Amino acid sequence: MSYPINIVSPQEADHNWRSLLKGKRIRYERKADINGCCIKLMTDEVETVNTFDENFYHLSEKIRSHGRLLVFDDGGENFRVEYEPISRSAFLWNCNYYGYVKSIALALAGDILEDLHRFYSVHGACLDYRGEGIALVGPSGAGKTTLSYGILRRKKSRLISDDWFYVRFQGREATIMSSEKEVYIRGGIEKDWKDFEPLIEDARFDKKGRAVVNLKNLLGGEKIRSVTSLSTFVLLKRDFKDEKLIEEVSREEMLKLMVENNFYNPHLLVRDKRKQRLRKRFIKNLLDVAKPVVVNTTATPEETVDLILEAVS
19 MSYPINIVSP
29 QEADHNWRSL
39 LKGKRIRYER
49 KADINGCCIK
59 LMTDEVETVN
69 TFDENFYHLS
79 EKIRSHGRLL
89 VFDDGGENFR
99 VEYEPISRSA
109 FLWNCNYYGY
119 VKSIALALAG
129 DILEDLHRFY
139 SVHGACLDYR
149 GEGIALVGPS
159 GAGKTTLSYG
169 ILRRKKSRLI
179 SDDWFYVRFQ
189 GREATIMSSE
199 KEVYIRGGIE
209 KDWKDFEPLI
219 EDARFDKKGR
229 AVVNLKNLLG
239 GEKIRSVTSL
249 STFVLLKRDF
259 KDEKLIEEVS
269 REEMLKLMVE
279 NNFYNPHLLV
289 RDKRKQRLRK
299 RFIKNLLDVA
309 KPVVVNTTAT
319 PEETVDLILE
329 AVS
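Numbering-wise (this note's numbering), the sequence shown opens with residue 19 and increments by one.
So, in structure tokens, the structure goes:
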């Protein structure tokens, strides 16, 4: 999932901007409300703007943008990102996967929020179970999506976010906030959980086998929440050599794992020493209020869901 993210100068960003204007490339513009940030998308790709419309909450065009997302082809073959942090402008070149557009939009809002408002980003899922917030974090392929929807099937569970959420500390609580209006889900989730077959049958999938879907239509609005308070921080792994399926670890050990693995977030736009210190302090504070647990996802999805919920209670 990793891809190059290059920091560019204001002069380089201005050159990109002038080239797009000169070529009359900017055909569509949309503004999204991402946790209070106005993120503006500019592109010439109708499918991208339509999916963006479905995915995020809308904002009035009269609101000035806090960050800009420019999605265009430049004739090259490889996808790359250029980010200019002063104007908060992210250029996505040769992107054929909406998932990157979504993730960079969330990362762009996160870059602004952590610098200016003490909101922090986590690339992972979060659910509310019996009033307790559960975060699921881990590498690609560890089972975040599968387990999120497995937990969502249980009584007294509600989804906050299945991919990315924001955190703000309020006293001794870590308040979790959702990031998207609708979820961008992969096909195949119904193979693990038959309950979601109607959702998949009605979805319009893109070339990558993913679609923006409205979970409320299937599950009802009571299964979706925008806010919870975190109590358990679960790091997922898939290691068939390790027989231990679940382990409560020390805060120091969890912090070390998060830092060593770049916070399990390949979409972070700025990764300098200042940002590293800021994010490390955030995770340290988060683990002061949430129980750290490592879960090995080598059992069946149903068994793994049971293990996670037992750890919460």
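Glycine included, each C-beta is placed from N, C-alpha and C at the ideal position. Please read all numbers here as calculations on a predicted model, not as lab measurements.
When DSSP states are grouped into helix, strand and coil, Phe214 belongs to the helix group. Nearest to Arg45 by alpha-carbon distance, out of Ile57, Glu65, Val230, Val26, is Glu65.
Asp51 is bridged by DSSP to Cys56, Tyr75. Rounded to whole angstroms, the separation of the alpha carbons of Leu110 and Phe90 is 6 Å. By the neighbour-count definition (other C-beta atoms within 10 Å, threshold 16), Asn96 is an exposed residue. In this chain, the alpha helix (DSSP H) harbouring Lys120 covers 116-134. At the C-beta level, Val330 and Ile152 come within 9 Å of one another. In the three-state DSSP reduction, Asp306 falls in the coil class, being neither helix nor strand.
With 16 or more other CB atoms across the displayed protein chains lying within 10 angstroms of its CB, Val312 is buried.
In this structure Lys309 does not touch Phe258 by the C-beta definition: roughly 26 Å separates them, more than the 8 Å allowed. According to DSSP, residue pairing for Gly149 in a beta bridge does not occur. DSSP places Thr246 outside any alpha helix (DSSP H); the residue lies instead in the beta strand (DSSP E), whose first and last residues are 245-255.
When only Cα atoms are considered, Glu198 and Glu30 end up about 31 Å apart. Here Glu200 is not near Leu237, since their CB atoms are 9 Å or more apart.
Boundaries cannot be given for Glu261, as no beta strand (DSSP E) includes it and DSSP labels it neither H nor E. Contact check for Val140 and Phe187: beta-carbon distance about 13 Å, past the 8 Å limit, so the pair fails to qualify.
Listed as beta-bridge partners of Val312 by DSSP are Leu253, Glu265. Contact annotation: the stretch 213-220 does not touch the stretch 150-164, with fewer than three C-beta pairs closer than 8 Å.
Per DSSP, the unbroken alpha helix (DSSP H) holding Ser37 starts and ends at 28-40. The C-alpha of His33 is placed about 13 Å away from the C-alpha of Leu88. Looking at the DSSP output, Val231 bridges to Val201. In the pairwise beta carbon analysis, the stretch 128-145 is classified as touching the stretch 270-286: at least three pairs are separated by under 8 Å. Ala329: member of the alpha helix (DSSP H) spanning 319-330, first to last residue.
Rounded to the nearest whole angstrom, the CA to CA distance from Arg269 to Glu63 is 45 Å. Our two residues, Ser27 and Lys255, have alpha carbons roughly 38 Å apart in a direct line.
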